[in-house]
Amino acid sequence: MEKRLRVNPVACAGHGACAELLPELITRDEWGYPIVADQPVPRGLRREARRAVSNCPALALALTRVA
Amino acid sequence: MTDSLTLPRPVLAADGPDRLPRLLPAAGAVPADLGAHLDRYGSLRYAGGPGRLVAEVAAAGLTGRGGAAFPVARKLAAAAEAKPAVLVAGNGAEGEPASSKDRSLLWISPHLVLDGLQLAAEAAGSDTAVLYVQRNPRLHGRLAHAIAERAAAGIDAARIDLVPAPDRFLAGQESALVSRLTGKPARPAYRPAPGLPRLAPGRTALVQNVETLAHLALIARYGAAWFRLAGTEAEPGSMLVTLHLADGRASVTEVPLGIGLADLLGLDAAAGDAGDGTVPSAGGAARAVLVGGYHGAWLSAAEAARLPLANVALRPLGAVVGAGVVAALPADRCGLAETARVARYLALESAGQCGPCFNGLPRIAAALDHLAGPRPDQRARADLERWAGLVTGRGACHHPDGSVRFIRSALRVFAAEAGLHEQGQCTGTNPQPFLPLPAGRPASDADWS
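Structure (structure tokens):
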């Protein structure tokens, strides 16, 4: 089953923890807000993705199943 | 449903049911009291139970008239199946400054909207409904009177509460309305899941634009085939349009979907391009046409002259029918300056919740303002393009996407004008603002409630 990272843009405060923990899939725009790669999370990065989710201070990042 | 019911012929204008207007009076704008309403349309026809109206509405092909053109039958079906409770809301917030069709409809034909709200509540199996309308004491007074007339006549199955909407561009956004109904400020919310918006755990909302509800009231009475007498196969029915002619005259009129923009604006396509990009129209020479309001798009006057008011034709050019705003820009105005003025307004109307939107839109607006001036620094154009890419698709609502669509269309349609500005020239000779914006500024964050 495919999983994707999704940002809640209202909750996100641009702390940037996600981009530090998962630079392979998340970069930051010039104001510090995350830009998530438009692709499923590869199996080899699932652990890092889960860490990025649990380390978001704003609880704004989620790993969601895509049917 | 159609097979089991004999539908009455509508008692509309003397010249027949296939003629417009359907929602507005045929002549003169006399507000309809309940008696006049029933004389014209006959009594409200309930469908007889939750979900029973869905098939007829699906056959009619009615889509939402608030801007998104979402199929109404799909929302009604989802509401009929939702458990346990659905709150039904009629959306008359109309935050778009260039649109006045919803308030006109509510003022002139309130009972048509209230009929539709009753039918939507019945379809959803709900005994209460909300009418969310822009804060306007006269309009609220009139609607309260209409609701009282119906209570006295005992024709309503669901109780209707009037809820005032703040005077903000995004207050009519579906999730903003839902926030307002849960007692929070009327700001858009992040909704990761598709489907009907949730008010609380286990409680969903069915939100329909007030004009959509009025069409629903007529489809319930006269059926899908009648509804399809106007409009096109793909986009059936009529819709209310707020028309701004190049001479500044504005009006609300009801037209069949698919009507030529040339017919709407009196654009003389045969006279064609006068060489300066302008085309003669009912209000004088037009430089360009804005379709779909401030989340819509500009078309050159020559493009508009050959296009119908239909999404299927407008989408390839990046435009949409939206909530039916059509405005002809007069030849003496600068399209870049007009767009920059509106872009500044759109930036200020960001709800200030999503980083890319509240950072990006003010910068985009400032860059466009610079491009609308004499001999702009070419870095402004590159900055604008980069920021436009950064904000698109990254908001909880469509405000950044819609604003960028509008601004990018200006850069396309007014490309020659931008070239003149680089040389320190401008075709605009009249500095008077043309596109309508609200006077003054919202005082504070508190204005969202």
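Residue numbers (the numbering used here), protein chains in the order written: chain A, 2 to 68; chain B, 78 to 526.
Yeah, the Cβ is synthetic: ideal placement off N, Cα and C, and Gly gets one too.
query, result
"If you reduce the DSSP assignment to three classes, tell me which class HIS114/B lands in.", "helix"
"Can you list, in chain order, the stretches of the beta strand (DSSP E) that have 3 or more residues and sit fully within the segment 337-375 of chain B?", "363-368"
"Leaving aside the five residues before and after ALA339/B along the sequence, list all residues of the same chain whose C-beta is less than 6 Å from its C-beta, in chain order.", "ALA346 and ALA382"
"How do the segment 352-370 of chain B and the segment 397-412 of chain B stand: do at least 3 beta-carbon pairs fall below 8 Å, yes or no?", "yes"
"So, GLU199/B versus LEU115/B, is the Cβ gap smaller than 9 Å?", "no"
"Under 8 Å, CB to CB, which of the residues in the segment 450-478 of chain B have a partner in chain A?", "LEU467, ARG471, GLY472 and ALA473"
"Going along chain B in order, which residues have a C-beta closer than 8 Å to the C-beta of VAL67/A?", "Under the 8 Å cutoff, chain B gives no residues; its nearest Cβ is about 12 Å from VAL67/A."
"Whose CA, out of ALA53/A, ALA38/A, ARG5/A and PRO41/A, lies closest to the CA of GLY17/A?", "ALA53/A"
"Is DSSP giving LEU164/B helix, strand or coil here?", "strand"
"Does the beta carbon of PRO433/B sit closer than 9 Å to a beta carbon anywhere in chain A?", "yes"
"Run the CB neighbour count on GLN500/B, radius 10 Å, all protein chains shown included, and call it buried at 16 or more, exposed below.", "exposed"
"On the DSSP bridge list, what partners appear for ARG308/B?", "One point to set straight first is that residue 308/B is Gly, not Arg, in the sequence displayed. DSSP, once it has assigned bridges, lists PRO313/B as partnering GLY308/B."
"Looking at CYS474/B and LEU56/B, is the spacing between their C-beta atoms short of 9 Å?", "Absent from the structure is residue 56/B, since the part of chain B shown begins at 78 and ends at 526."
"Using DSSP with H/G/I as helix, E/B as strand and the rest coil, what is SER377/B?", "strand"
"Within 9 Å (strictly less), CB to CB, does GLU21/A reach chain B?", "no"
"Quick one: which residues of the segment 265-278 of chain B get their C-beta closer than 9 Å to a C-beta of chain A? List them in chain order.", "PRO265, ALA266, TYR267 and PRO269"
"Assign LYS4/A to one of three DSSP states: helix, strand, or coil.", "strand"
"If contact means a Cβ-Cβ distance below 8 Å, which residues of the segment 411-433 of chain B contact chain A?", "GLN430, CYS431, GLY432 and PRO433"
"When you compare the CB positions of PRO41/A and VAL8/A, do they come within less than 9 Å of one another, or not?", "no"
"Within 10 angstroms of its Cβ, does LEU60/A collect 16 or more other Cβ (buried), or is it exposed?", "exposed"
"Any idea if PRO271/B is buried or exposed, counting beta-carbon neighbours within 10 angstroms, 16 or more meaning buried?", "exposed"
"Quick one: what's got a C-beta closer than 8 Å to ALA417/B's C-beta in the same chain, skipping five residues either side?", "ALA442, LEU445, ASP446, LEU448 and ALA449"
"Give the range of the beta strand (DSSP E) segment to which TYR209/B is assigned.", "205-211"
"Less than 9 Å between the C-beta atoms of GLN285/B and GLY193/B, yes or no?", "yes"
"Do TYR209/B and VAL163/B have their CB atoms nearer than 9 Å?", "no"
"Shorter than 9 Å from the beta carbon of GLY437/B to some beta carbon of chain A?", "yes"
"Spell out a yes or no on whether the segment 294-309 of chain B and the segment 323-341 of chain B are touching, meaning 3 or more CB-CB pairs, one atom from each, closer than 8 Å.", "yes"
"Could you give the first and the last residue of the continuous beta strand (DSSP E) run that contains ARG236/B?", "236-242"
"Does VAL11/A have its Cβ less than 9 Å from a Cβ in chain B?", "yes"
"Taking C-alpha atoms, which residue in GLY125/B, ALA263/B and HIS217/B lies nearest to GLY202/B?", "GLY125/B"
"Specify, as a first and last residue, the run of the beta strand (DSSP E) that ILE27/A falls within.", "27-29"
"Can you name the residues of chain B whose CB is closer than 7 Å to the CB of GLY15/A?", "GLY432"
"Determine whether the Cβ of ALA63/A lies closer than 9 Å to any Cβ atom of chain B.", "yes"
"Sort GLY354/B, GLY395/B and LEU121/B by Cα distance to THR504/B and report the nearest one.", "GLY354/B"
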